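Enquirer: Quick one: structure below, then a few questions.
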Amino acid sequence: MSKKEEKSMPKKGSNVKNQKKVPKKRVIPSLDEFGIAKRLFLAHHDRLRFQTDAQATLAWDGTQYSRLSHIAEGLAKDVIENIAHEHHNGDIHVTDHGADVELEDLLSFQKKARTQGMIRKALWLLRLFEEIHCKLADFNADPYVLNCENGLLNLKDGSLAPHSPDQLVTKLAPVRWVPKTKCPRWERFIKDITCGDPELAAYLQRLFGYCLSGSTQEEVLPILHGSGGNGKSIILARMRAILGPEYALTLGTGSILNSRFHGIRCDLRQLEGARVAFAIEANKGHSLDEAVIKSVTGGDEISARAMRENPVQFTPQAKILMAVNHLPGFVGNDRGIRRRLQVVPFLAEFDGSRRKEEIDAELDAESEGILAWAVKGFQQWLQEGLNPPQLIRDATEAYFTMNDHIGEFLEERTVRVSGEKTPVRMVFESYECWARASGVQSVGLHRFGDLLRSKGFVQVRDNTARFWADLVLRSFE
Numbered sequence: 001m002s003k004k005e006e007k008s009m010p011k012k013g014s015n016v017k018n019q020k021k022v023p024k025k026r027v028i029p030s031l032d033e034f035g036i037a038k039r040l041f042l043a044h045h046d047r048l049r050f051q052t053d054a055q056a057t058l059a060w061d062g063t064q065y066s067r068l069s070h071i072a073e074g075l076a077k078d079v080i081e082n083i084a085h086e087h088h089n090g091d092i093h094v095t096d097h098g099a100d101v102e103l104e105d106l107l108s109f110q111k112k113a114r115t116q117g118m119i120r121k122a123l124w125l126l127r128l129f130e131e132i133h134c135k136l137a138d139f140n141a142d143p144y145v146l147n148c149e150n151g152l153l154n155l156k157d158g159s160l161a162p163h164s165p166d167q168l169v170t171k172l173a174p175v176r177w178v179p180k181t182k183c184p185r186w187e188r189f190i191k192d193i194t195c196g197d198p199e200l201a202a203y204l205q206r207l208f209g210y211c212l213s214g215s216t217q218e219e220v221l222p223i224l225h226g227s228g229g230n231g232k233s234i235i236l237a238r239m240r241a242i243l244g245p246e247y248a249l250t251l252g253t254g255s256i257l258n259s260r261f262h263g264i265r266c267d268l269r270q271l272e273g274a275r276v277a278f279a280i281e282a283n284k285g286h287s288l289d290e291a292v293i294k295s296v297t298g299g300d301e302i303s304a305r306a307m308r309e310n311p312v313q314f315t316p317q318a319k320i321l322m323a324v325n326h327l328p329g330f331v332g333n334d335r336g337i338r339r340r341l342q343v344v345p346f347l348a349e350f351d352g353s354r355r356k357e358e359i360d361a362e363l364d365a366e367s368e369g370i371l372a373w374a375v376k377g378f379q380q381w382l383q384e385g386l387n388p389p390q391l392i393r394d395a396t397e398a399y400f401t402m403n404d405h406i407g408e409f410l411e412e413r414t415v416r417v418s419g420e421k422t423p424v425r426m427v428f429e430s431y432e433c434w435a436r437a438s439g440v441q442s443v444g445l446h447r448f449g450d451l452l453r454s455k456g457f458v459q460v461r462d463n464t465a466r467f468w469a470d471l472v473l474r475s476f477e
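1 is the number of the first residue of the sequence shown in the UniProt record's numbering; add one for each residue after it.
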């Protein structure tokens, strides 16, 4: 036996079990609010995010990220209940600040940490960890993925991926994806409300499918128009049932109607991440806010804020749908607004013998089949777009003709005469008088000028004033 082996052997009469263990130095997070935040970050960093622009902490609940405080608080409480387990008998414990820690210190801190105040402070301090930082735009970023109860649905190919915190989604549709499910009652309903028109039925299927997505490339606002009780509200109710209140929401009609309010909007903040928003009915005589419609349908970034929160910038994914008995008016008739509006006429008439509650119950039972039907509509939309049939194009053109107020003014109060001219101010004052007499909401001077230019008129000027060329006011005796 070598001398080295002899030294390694226990001495005669010694007890190996009684030999003392060398203490191990263990460094633990500090015993304060930041220490709780650090423990939470170390344990659950893969399930926590902090939106730097929205100043919001989100936690993964198994299917989606949520701003609901009880989810993040639940993770914090789990971490707090494990604080006592950080102590190992016989080891030396110090905080990452160098302070010595005994078991009694951990137990005392654990008791203190259970208070709501400590938990909330710790959750606030999570924002100091840059590893969980993200932007509002990082969430719900894939317009062709729909988060369903049983996974993430790829609308393009119908494939389903498991829920994962790596997929930054904050919305959930309360329906399962079962691709081959049928919906005979729903298809019969669509046939009834379209009066058997296959082109209109196919359009509604494409529209429903398009609304499942986060794409706004069509840049349109469909207006479902018809007398009450003809099925248009049931269509929107099915969209709401399939997509749920997180993907589908209802706007106050004031959100897209003319208002005296200008500035950062609170009502539009809820559009962030939504796929469709409904504006139900407008009082007779109200007109559309063309600037808002162009903004939210145009695919451009907007600024909005929730109550008592800072403004945020985001690009809306929501399609705005209106369902009305009376078509709202609008003042402008330029190409920008004309290409955005589609009037979808609902011409069917029902006697009301079937209660809405009965129809809803039947359609509720077909939710999975209606989703499968809508996904087919989305895939058809990918191939051909919304492609409104002639019925919709005719109804929309009639709507534009009815709302061409500038055209009416020009026809009633002016004459086009080559070589003549009329002062800009005089033409505008005549227009304001006509608008008051006609009960039409007038536009401002600059907007009026834009609309006249869209009609082909041009301004000229001399040393004294500006004029509309080739335009003469009618004389009324």
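Where a beta carbon is used, it is the ideal one built from N, C-alpha and C, also for glycine. Values in this document were obtained by computation on a predicted structure and should not be read as measured data.
Are at least three pairs of beta-carbons, each pair with one atom in the segment 72-79 and one in the segment 40-48, less than 8 Å apart?
Expert: Yes, the segment 72-79 touches the segment 40-48.
Enquirer: Taking all protein chains shown into account, decide if I49 is buried (16 or more other Cβ within 10 angstroms of its Cβ) or exposed.
Expert: To locate residue 49, count along the sequence shown from 1; it is residue 49. Looking at the sequence itself, residue 49 is Arg, so the reference to Ile does not match. Counting Cβ neighbours within 10 Å, R49 comes out buried, since at least 16 surround it.
Enquirer: Can you give the Cα-Cα distance for K4 and V22, rounded to whole angstroms?
Expert: For the purposes of this step, residue 4 is taken as residue 4 along the sequence shown, with counting starting at 1. For the purposes of this step, residue 22 is taken as residue 22 along the sequence shown, with counting starting at 1. Caution applies to K4, whose pLDDT of 49 falls short of 50 and renders its modelled position unreliable; the value that the coordinates give is listed next. So the alpha carbons of these two residues sit roughly 22 Å apart.
Enquirer: Please name the residue in R26, F314, V296 and A279 whose C-alpha comes closest to that of A141.
Expert: Here residue 141 refers to the residue found at position 141 of the sequence shown. Considering only alpha carbons, the answer is F314.
Enquirer: Decide if T464 is buried, meaning its Cβ has at least 16 other Cβ atoms within 10 Å, or exposed.
Expert: Within the sequence shown, numbered from 1, the residue matching residue 464 stands at position 464. Looking at its Cβ environment, which holds fewer than 16 other Cβ atoms inside 10 Å, T464 is exposed.
Enquirer: Is it buried or exposed, N147, if we count other Cβ atoms within 10 angstroms and call 16 or more buried?
Expert: Indexing the sequence shown from 1 puts residue 147 at position 147. N147 comes out buried.
Enquirer: Going by other Cβ atoms of all chains shown within 10 Å of its Cβ, with 16 needed for buried, is C433 buried or exposed?
Expert: For this step, residue 433 is matched to residue 433 along the sequence shown. Exposed, since its Cβ has fewer than 16 Cβ neighbours within 10 Å.
Enquirer: Consult DSSP for D404 and reduce its assignment to one of helix, strand or coil.
Expert: By one-based count along the sequence shown, residue 404 stands at place 404. Reduced to three states, the DSSP call for D404 is coil.
Enquirer: Taking DSSP as the reference, what is the three-state secondary structure of H446?
Expert: On the sequence shown, position 446 is the one that residue 446 refers to. Looking at H446 - three-state DSSP - the assignment turns out to be helix.
Enquirer: Of the choices V220, H225 and M118, whose alpha-carbon is the least far from that of V79?
Expert: As a position in the sequence shown, residue 79 is number 79, starting the count at 1. Per the Cα distances, M118.
Enquirer: Could you have a look at K421 and say whether DSSP puts it in helix, strand or coil?
Expert: Here residue 421 corresponds to residue number 421 of the sequence shown, with the count starting at 1. In the structure shown, K421 sits in a strand (DSSP, three-state: E or B).
Enquirer: Run through the segment 185-231 for me and flag every whole alpha helix (DSSP H) of 4 or more residues, listed as ranges in chain order.
Expert: You should have 198-212.
Enquirer: Are the beta-carbon atoms belonging to E219 and R393 less than 8 Å from one another?
Expert: Taking the first residue of the sequence shown as 1, we reach residue 219 at position 219. Taking the first residue of the sequence shown as 1, we reach residue 393 at position 393. Their beta carbons are not under 8 Å apart, which means E219 does not touch R393 by this criterion.
Enquirer: Based on the DSSP secondary-structure assignment, which residues constitute the bridge partners of I83?
Expert: Within the sequence shown, numbered from 1, the residue matching residue 83 stands at position 83. According to DSSP, I83 bridges with nothing at all.
Enquirer: What residues match up with N147 in a beta bridge as DSSP calls it?
Expert: Here residue 147 is taken as the residue at index 147 of the sequence shown, counted from 1. Answer is L152.
Enquirer: DSSP three-state call for C433: helix, strand or coil?
Expert: Taking the first residue of the sequence shown as position 1, residue 433 is located at position 433. C433: helix per DSSP, three-state reduction.
Enquirer: Do K376 and Y210 come within 8 Å of each other at the CB atom, strictly closer than that value?
Expert: Here the question's residue 210 lines up with position 210 in the sequence shown. Here the question's residue 376 lines up with position 376 in the sequence shown. It is not a contact, given that the beta carbons lie outside the stated cut-off.
Enquirer: Leaving out five residues on either side along the sequence, give the residues of the same chain with a beta carbon under 6 Å from the beta carbon of A469.
Expert: Here residue 469 corresponds to residue number 469 of the sequence shown, with the count starting at 1. Result list for A469: K421, V458 and V460, in chain order.
Enquirer: Which residue or residues does DSSP assign as beta-bridge partners of G329?
Expert: If you number the sequence shown from 1, residue 329 lands on position 329. Partner(s): S287.
Enquirer: Near P165, what residues of its chain come up, given a Cβ to Cβ distance below 6 Å and the 5 sequence neighbours on each side ignored?
Expert: One-based indexing of the sequence shown puts residue 165 at position 165. These residues qualify, in order along the chain: D46, R47 and W60.
Enquirer: When you compare each of E408, F409 and A374 to K180 by their alpha carbons, which one comes out closest?
Expert: Counted from its first residue, the sequence shown places residue 180 at position 180. Selected option, being the one with the closest Cα: A374.
Enquirer: Helix or strand or just coil, what does DSSP make of A99?
Expert: Start at 1 with the first residue of the sequence shown, and residue 99 comes out as number 99. Here A99 sits in coil by DSSP.
Enquirer: Pull the bridge partners of Y65 from the DSSP assignment, please.
Expert: Here the question's residue 65 lines up with position 65 in the sequence shown. DSSP output for Y65 lists W60 as bridge partner(s).
Enquirer: In three-state terms, what does DSSP make of V169?
Expert: Mapped onto the sequence shown, residue 169 falls at position 169. Reduced to three states, the DSSP call for V169 is coil.
Enquirer: If I measure Cβ to Cβ from Q342 and keep anything under 8 Å in the same chain, skipping five residues before and after, which residues do I get?
Expert: Against the sequence shown, residue 342 aligns to sequence position 342. Excluding positions up to five away in sequence, the list reads V220, L221, P222, I223, L386, P388, I392 and T396.
Enquirer: Roughly how many whole angstroms lie between the Cα atoms of L251 and G419?
Expert: Numbered from 1 along the sequence shown, position 251 holds the residue referred to as residue 251. Numbered from 1 along the sequence shown, position 419 holds the residue referred to as residue 419. C-alpha separation (whole angstroms): 50 Å.
Enquirer: Taking a contact to mean a Cβ-Cβ separation below 8 Å, would you say F350 touches N154 in this structure?
Expert: Counted from its first residue, the sequence shown places residue 350 at position 350. Counted from its first residue, the sequence shown places residue 154 at position 154. Taking 8 Å as the Cβ cut-off, F350 and N154 do not qualify as a contacting pair.
Enquirer: Consult DSSP for H163 and reduce its assignment to one of helix, strand or coil.
Expert: The sequence position of residue 163 within the sequence shown is 163, counting from 1. Of the three classes helix, strand and coil, the one that applies to H163 here is coil, per DSSP.
Enquirer: May I ask which residues mark the beginning and end of the beta strand (DSSP E) holding R466?
Expert: Position 466 of the sequence shown, counted from the first residue, corresponds to residue 466. R466 -> beta strand (DSSP E) spans R466 to L473.
Enquirer: Can you grab the Cα-Cα spacing for the pair K156 / V101, in whole Å?
Expert: Mapped onto the sequence shown, residue 156 falls at position 156. Mapped onto the sequence shown, residue 101 falls at position 101. In a straight line, the C-alpha of K156 is about 57 Å away from that of V101.
Enquirer: Here's the rule I'm using: 16 or more other beta-carbon atoms within 10 Å means buried, otherwise exposed. How should H163 be labelled?
Expert: Locating residue 163 in the sequence shown gives position 163, counting from the first residue. Flag for H163 reads buried.
Enquirer: For I234, tell me which candidate among T216, S215, F208 and L31 has the shortest Cα-Cα distance.
Expert: Sequence index remark: in the sequence shown, residue 234 carries index 234 (1-based). Closest option to I234, Cα to Cα, is F208.
Enquirer: Closer than 6 Å by C-beta to V344: which residues in its own chain qualify, once you throw out the five before and the five after it? Chain order, please.
Expert: Locating residue 344 in the sequence shown gives position 344, counting from the first residue. Answer for V344: P222, L224 and I392, listed in chain order.
Enquirer: Tell me which same chain residues have a C-beta within less than 8 Å of the C-beta of I264, skipping the five on either side of it?
Expert: Counted from its first residue, the sequence shown places residue 264 at position 264. Since pLDDT at I264 reaches only 45, below the 50 mark, its modelled position is unreliable, and the value read off the structure follows with that caveat. S303, A304, R305 and P311, listed in sequence order.
Enquirer: Beta-carbon within less than 6 Å of R26's beta-carbon, same chain only, minus the 5 sequence neighbours each way: which residues are those?
Expert: Taking the first residue of the sequence shown as position 1, residue 26 is located at position 26. Around R26: D91 and H93.
Enquirer: Relative to the alpha-carbon of L268, which residue among G226, Q317 and L243 has its alpha-carbon at the smallest distance?
Expert: Position 268 of the sequence shown, counting from 1, holds the residue named residue 268. Among G226, Q317 and L243, the Cα nearest to that of L268 belongs to Q317.
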